[in-house]
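Protein chains in written order, with this note's numbering: chain H, 1 to 305; chain D, 1001 to 1082.
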Amino acid sequence: MLTLSSLSPRELRKRLARGGVRLQTGAFVACVTSPIGHVADGLALLYGDYPLRGDDDFADFYLNLAPVGGLRRWLRPQVQFDHDGLRPFQPLPLTQAFSMFEWALNWCVSGRAHRYLIIHAAVVEKNGRAAILPAPPGSGKSTLCAALVSRGWRLLSDELTLIRLDDGLVLPSPRPISLKNGSIDLIRQYAPGTVFSRPVADTAKGTIAHMRAPADSVRRAGETARPAWIVFPQYVAGAAPTLTPVPRTRAFLRVAENAFNYSLLGADGFRAVGALVDTANTFDFSYSALDDAIAVFAQLADGAP
Amino acid sequence: MWRLTPGQALLRYGWDGEYVLYNDLSGDTHLLTATACTLLDHLRAAPVSHGALAQACGIGADTAESLLIDLEQLSLVEYLPC
């Protein structure tokens, strides 16, 4: 199977600018077009292991990231996301073009893939069992996810947990992990050798960098996992690691709040969350030190509590 | 007499004495006590008076009436004038 890395940088730029490349990420194929170097560089750096589909293959999403025209071409150049003729986002500075690609692809999946329950959550796997980490921004979800992935957990997703409606299994959608501000250097030090995109400052979320998904996680993107734990993480400076059981009814409501399409799915969404919460053990987890957090997750994977 | 609002299937999950219930009419999810769910179950077959419901659920008549009014506000039950 061809991967994106089979294209030379020159060929990648050429194809992105003319006709696009069809990139498979988990269950989805995105047709990406863009003449912007930041997009090509980001894809080459972080998506080299991902399958490349043929020009005639079906694509789930069409993403076009183009420079804004007019004076903007010369004065504070900007990038605009175009999706099937729609422009759902405000333009961003051109240096944020790759981040915009990531956000745009998340937007496509969360807004369209309604054959799954889509939870705003990171999800990692060990021994076939998945730990789902739903949390609002600022809770340390992605930092914890990156740390777990650097210590042997398989990345299923950093941002969008996809639950199949028919059997309740987690469908992987491994993509680069989005890290912000202090977490970037924290994970650089915690996981030396990990590949990061160039940090981009002054985004709406502060400074952003993306960490490359492990090649093994990308290669195993077709392997589903059984939900075993739902852990609501919260970074608390100086806190000892504390795992507190959450009553399932309360966990249900919190998962539903974090699901993009819970209401849209109606009774199917209710059944999906109910089956998920019925299957998994549910916890609040506060932590400060990553090593402590890793140890707690290792205990979970080993069968305790 | 009280009855279950037509269209409500009472789809629910329960753990440790609490329940989440799907409202087929509004699409909302409600967090309910075991007593509320028992009361709803007694309305499945046919309309029942609040006194009979209180007796069936083992609660006081005032408590049953208050609970029924709460459930009515959620469109889970309806009052039928005699």
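Every residue, glycine too, gets a C-beta built ideally from N, C-alpha and C. Keep in mind it's a predicted model, so treat the numbers as computed, not measured.
Can you check which of these residues, the options, is closest to residue i by C-alpha distance?
i, options, result
"Gly238 (chain H)", "H:Phe58, H:Val149, H:Trp153, H:Leu290", "H:Leu290"
"Val277 (chain H)", "H:Leu133, H:Phe81, H:Gly140", "H:Leu133"
"Thr242 (chain H)", "H:Ala130, H:Asp55, H:Val231, H:Thr249", "H:Val231"
"Cys108 (chain H)", "H:Val149, H:Arg87, H:Asn127, H:Gly193", "H:Arg87"
"Leu65 (chain H)", "H:Leu2, H:Arg254, H:Val21", "H:Val21"
"Asp167 (chain H)", "H:Ala131, H:Ile294, H:Ser263, H:Pro227", "H:Pro227"
"Glu223 (chain H)", "H:Pro176, H:Thr244, H:Arg164, H:Thr279", "H:Arg164"
"Ala40 (chain H)", "H:Ser8, H:Arg219, H:Ser263", "H:Ser8"
In the structure shown, what three-state DSSP assignment does residue i receive?
i, result
"Thr282 (chain H)", "strand"
"Asp1024 (chain D)", "coil"
"Cys1082 (chain D)", "coil"
"Glu223 (chain H)", "coil"
"Ile1059 (chain D)", "coil"
"Tyr262 (chain H)", "helix"
"Phe270 (chain H)", "helix"
"Gln78 (chain H)", "strand"
"Glu125 (chain H)", "strand"
"Ser1066 (chain D)", "helix"
"Leu165 (chain H)", "coil"
"Met306 (chain H)", "Nothing in the structure corresponds to residue 306 (chain H), since chain H is present only between 1 and 305."
"Tyr47 (chain H)", "coil"
"Ile332 (chain H)", "The requested residue 332 (chain H) does not occur in the structure, where chain H is confined to residues 1 to 305."
"Gln1073 (chain D)", "helix"
"Asp84 (chain H)", "coil"
"Trp107 (chain H)", "helix"
"His114 (chain H)", "coil"
"Glu159 (chain H)", "coil"
"Val200 (chain H)", "strand"
"Thr207 (chain H)", "strand"
"Thr1033 (chain D)", "strand"
Pull up the distance between the alpha-carbon of residue i and that of residue j, whole angstroms please.
i, j, result
"Glu1053 (chain D)", "Leu1039 (chain D)", "The amino acid occupying residue 1053 (chain D) in the given sequence is Leu; Glu does not appear at that position. Taking the straight line joining both Cα atoms gives about 7 Å."
"Ser197 (chain H)", "Gly42 (chain H)", "7 Å"
"Phe252 (chain H)", "Val273 (chain H)", "6 Å"
"Val29 (chain H)", "Gly19 (chain H)", "15 Å"
"Tyr50 (chain H)", "Asn281 (chain H)", "32 Å"
"Ile208 (chain H)", "Asp185 (chain H)", "11 Å"
"Pro1047 (chain D)", "Gly1060 (chain D)", "19 Å"
"Val200 (chain H)", "Arg212 (chain H)", "15 Å"
"Ala225 (chain H)", "Ser110 (chain H)", "20 Å"
"Gly1014 (chain D)", "Ala267 (chain H)", "16 Å"
"Thr1005 (chain D)", "Thr203 (chain H)", "50 Å"
"Leu265 (chain H)", "Pro77 (chain H)", "40 Å"
"Asp57 (chain H)", "Leu2 (chain H)", "13 Å"
"Gly54 (chain H)", "Pro174 (chain H)", "21 Å"
"Ile187 (chain H)", "Leu148 (chain H)", "11 Å"
"Gly140 (chain H)", "Ser157 (chain H)", "15 Å"
"Ala256 (chain H)", "Thr161 (chain H)", "12 Å"
"Ala1064 (chain D)", "Pro137 (chain H)", "42 Å"
"Ala59 (chain H)", "Cys31 (chain H)", "6 Å"
"Gly182 (chain H)", "Tyr1022 (chain D)", "41 Å"
"Gln189 (chain H)", "Ile1069 (chain D)", "59 Å"
Taking residue i and residue j to be in contact with their CB atoms under 8 Å, please state how far apart those CB atoms are, rounded to whole angstroms.
i, j, result
"Leu1067 (chain D)", "Thr1035 (chain D)", "7 Å"
"Phe270 (chain H)", "Leu1043 (chain D)", "Contact doesn't hold; Cβ gap of about 20 Å is too wide."
"Ala215 (chain H)", "Ile119 (chain H)", "Going by Cβ atoms, the distance from Ala215 (chain H) to Ile119 (chain H) rounds to 25 Å, so no, they are not a contact pair."
"Ser286 (chain H)", "Val236 (chain H)", "5 Å"
"Val68 (chain H)", "Pro91 (chain H)", "5 Å"
"Arg151 (chain H)", "Glu125 (chain H)", "Not a contact, Cβ separation roughly 13 Å."
"Leu52 (chain H)", "Leu23 (chain H)", "7 Å"
Which residues in chain H sit within 9 Å of residue i, going by Cβ to Cβ distance?
i, result
"Glu1018 (chain D)", "Pro247, Arg248, Thr249, Arg250"
"Pro1070 (chain D)", "For clarity, residue 1070 (chain D) is Asp in the given sequence; the question names Pro instead. What Asp1070 (chain D) touches in chain H: nothing, since even the nearest Cβ is about 17 Å away."
Show which residues of chain H have a CB atom less than 8 Å away from the CB atom of residue i.
i, result
"Leu1011 (chain D)", "Ala267, Phe270, Arg271"
Starting from the beta carbon of residue i, find every residue of chain D whose beta carbon is closer than 7 Å, and list them in chain order.
i, result
"Ser263 (chain H)", "Gly1027"
"Asp278 (chain H)", "Tyr1013"
"Ala256 (chain H)", "Thr1029"
Less than 7 Å separating the Cβ of residue i from some heavy atom of the ligand SAM?
i, result
"Leu133 (chain H)", "What this structure holds is no ligand at all, so the ligand SAM is not there to describe."
List, in chain order, every chain D residue whose beta-carbon is nearer than 9 Å to that of residue i.
i, result
"Gly274 (chain H)", "Leu1011, Arg1012, Tyr1013, Val1020, Tyr1022"
Please list the partners that residue i has in chain H, where partner means a Cβ-to-Cβ separation under 7 Å.
i, result
"Leu1031 (chain D)", "Thr249, Leu253"
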